[in-house]
Amino acid sequence: MLIGKVTGNIWATRKLDGLNGFKLMIVSLVNSDGADSKSAMVAVDTVGAGIGDMVLVARGGAARKAAMIHEGPVDAAIVGIVDNMEISG
Amino acid sequence: MLIGKVTGNIWATRKLDGLNGFKLMIVSLVNSDGADSKSAMVAVDTVGAGIGDMVLVARGGAARKAAMIHEGPVDAAIVGIVDNMEISG
Amino acid sequence: MLIGKVTGNIWATRKLDGLNGFKLMIVSLVNSDGADSKSAMVAVDTVGAGIGDMVLVARGGAARKAAMIHEGPVDAAIVGIVDNMEISG
Amino acid sequence: MLIGKVTGNIWATRKLDGLNGFKLMIVSLVNSDGADSKSAMVAVDTVGAGIGDMVLVARGGAARKAAMIHEGPVDAAIVGIVDNMEISG
Amino acid sequence: MLIGKVTGNIWATRKLDGLNGFKLMIVSLVNSDGADSKSAMVAVDTVGAGIGDMVLVARGGAARKAAMIHEGPVDAAIVGIVDNMEISG
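Residue numbers (my numbering), protein chains in the order written: chain A, 1 to 89; chain B, 90 to 178; chain C, 179 to 267; chain D, 268 to 356; chain E, 357 to 445.
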């Protein structure tokens, strides 16, 4: 899974039905040293994340399983909110 | 999903039948700060996007589900047009 | 799908049977401004592409569907030859 | 598979059930010369890895097969601990 | 598929059973100009590759099909040894 910080929300009136009902959140991915990697993605939220939360993002088939929409147009989902990161070594 | 700006169209007479009937749009992906990431991809349009629109792109199996062609040679689809991006934190 | 220029061919006598019969072409991927992105991949050709052609490359399951070898060791296929790219915005 | 060094652990109380019971480890991926590539990911551990171990990470469907949770929200799993890397040529 | 040079071997006593019996080889991926891209991955060998060989690597589901282990924790496999690369244009 990828690690990133929720930095925003997206509103899209014209979108596929399969995305209806999901909060679409912008996640800025971080590097191994925790810094902003400049890469961002939009993920459906499945755990009640909020802006500023550090989160885990699952991609591909794992995202559809997380969002429980096997036939949906989803390829990224927030699957956990990080309480604590212990980094060493 | 990825976020990007529609910056053009592609015409390809010699292409697989599975791509027939789809608008093939060039999407320039953006970074976490909204700047052009230099990366681009071609996505089939499923929501009526136009040049200049900021859009959501789903990839892999999610793209085929979005385009409703489970057996088609598609791995990227525009699945939403962004009205508004709230970025903070 | 990715956009790139066909810049060469690959010959591989010792390869899996699933790759037999396919032209293996080197595709140099381009950035959003059309410049060479320095990334390259090898794709099976399914539309009769030639050196110098700008092409669309589908990846993953989409490539196997394009090459019609669901069980083959293929993860990238040329699925269209670009006649014209209209880039603006 | 990717090669990386386990550099930390993640704790996430609010996460999907499918992640329960797994150690979530931060893996900093390495380049072809063994240096830190700056990219990091979180992988579920399936072989008893520890901080400082050089490990193999499988992604996508391979990760769910490794973690034996075909329906789980997992897209990266540690599948081996590297004893020795012989690099030459 | 990706192009790269086999630059080493990996030994991992503690690994998932699904990886048993496979040679695990380090492949340093090359750019469109043939130079080392700094990216590396570990792939199971399915064609008898050796150190110094330029090889084709298939990823994801294609790798499991190449290694004929549909349920195995494999996401990258060497599927061909390059005899000759004709690069032009």
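The beta-carbon is built from N, C-alpha and C at its ideal position, and this holds for glycine as well.
Assignment of A:ALA49 by DSSP, reduced to helix, strand and coil, places it in the coil class. The C-alpha of B:GLY93 is placed about 12 Å away from the C-alpha of B:MET174. The beta carbon of D:SER306 sits closer than 6 Å to those of LEU296, all from its chain and outside the five residues before and after it, given in chain order. Of all C-beta pairs linking the segment 32–50 of chain A to the segment 197–211 of chain C, fewer than three are shorter than 8 Å, placing the two stretches out of contact. Inside the segment 197–254 of chain C, DSSP marks whole beta strand (DSSP E) runs of 3 or more residues at positions 202–208, 214–223, 232–237, from first to last along the chain.
Short of 7 Å from the beta carbon of C:GLY258, and not among the five residues preceding or following it, lie these beta carbons of its own chain, in chain order: VAL225, VAL233, LEU234.
Bounds of the beta strand (DSSP E) holding C:THR185 are 180–189. With respect to the 8 Å criterion, B:ARG148 and B:ASP134 are not classified as neighbours on the basis of their beta carbons. With 16 or more neighbouring CB atoms inside 10 Å of its own CB, D:MET292 falls in the buried class.
Comparing C-alpha distances from B:ALA151 to each of A:ALA67, A:MET68, A:ASP53, A:PRO73 shows the shortest one belongs to A:PRO73. The alpha-carbon separation between D:MET335 and B:GLU160 amounts to approximately 27 Å. Taking C-beta atoms as the reference points, C:GLY228 and C:VAL184 count as a pair closer than 8 Å. 8 Å or more divides the Cβ of D:ALA344 from the Cβ of D:ALA302. Interface with chain B (8 Å Cβ-Cβ cutoff): A:ILE26 is included. Close CB contacts of C:LYS243 within its chain, under the 6 Å cut and outside five residues either way in sequence, are absent. By the Cβ-count criterion, B:GLY107 is buried, with 16 or more other Cβ atoms from all chains shown falling within 10 Å of its own Cβ.
Taken in chain order, the members of the segment 217–240 of chain C whose beta-carbon sits within less than 7 Å of a beta-carbon on chain B are THR224, VAL225, GLY226, LEU234, ALA236, ARG237, GLY238, GLY239, ALA240.
For B:ARG103, DSSP records a beta bridge to C:ILE259.
The beta carbon of E:ASP409 sits closer than 6 Å to the beta carbons of VAL362, ILE437 from its chain, once the five residues preceding and following it are set aside; these are given in chain order. Just so you know, the alpha carbons of D:LEU283 and A:PHE22 end up roughly 16 Å apart. Distance between E:ARG370 and D:ILE354, taken at the CA atoms: about 20 Å. Here C:ILE188 has LEU202, ILE204, VAL220 as same chain residues with Cβ atoms under 7 Å from its own Cβ, once five neighbours each way along the sequence are excluded.
E:LEU358 and A:MET1 have their C-alpha atoms some 22 Å from each other.
Between A:ASN9 and chain D, the shortest Cβ-Cβ separation is not below 8 Å. The straight-line gap separating the alpha-carbon atoms of C:ASN198 and B:ALA101 is approximately 27 Å. Residues of the same chain with a CB within less than 8 Å of the CB of C:GLY186, apart from the 5 flanking positions on each side, are MET203, ILE204, ILE229 in chain order. Around E:GLY428, the beta-carbon contacts reaching into chain D at under 8 Å are ALA329, LYS332. Closer than 8 Å to the CB of B:VAL95 there is not a single CB belonging to chain A. Residues of chain D with a Cβ closer than 9 Å to the Cβ of A:ASP83 are, in chain order, ILE277, TRP278, ALA279, THR280, ARG281.
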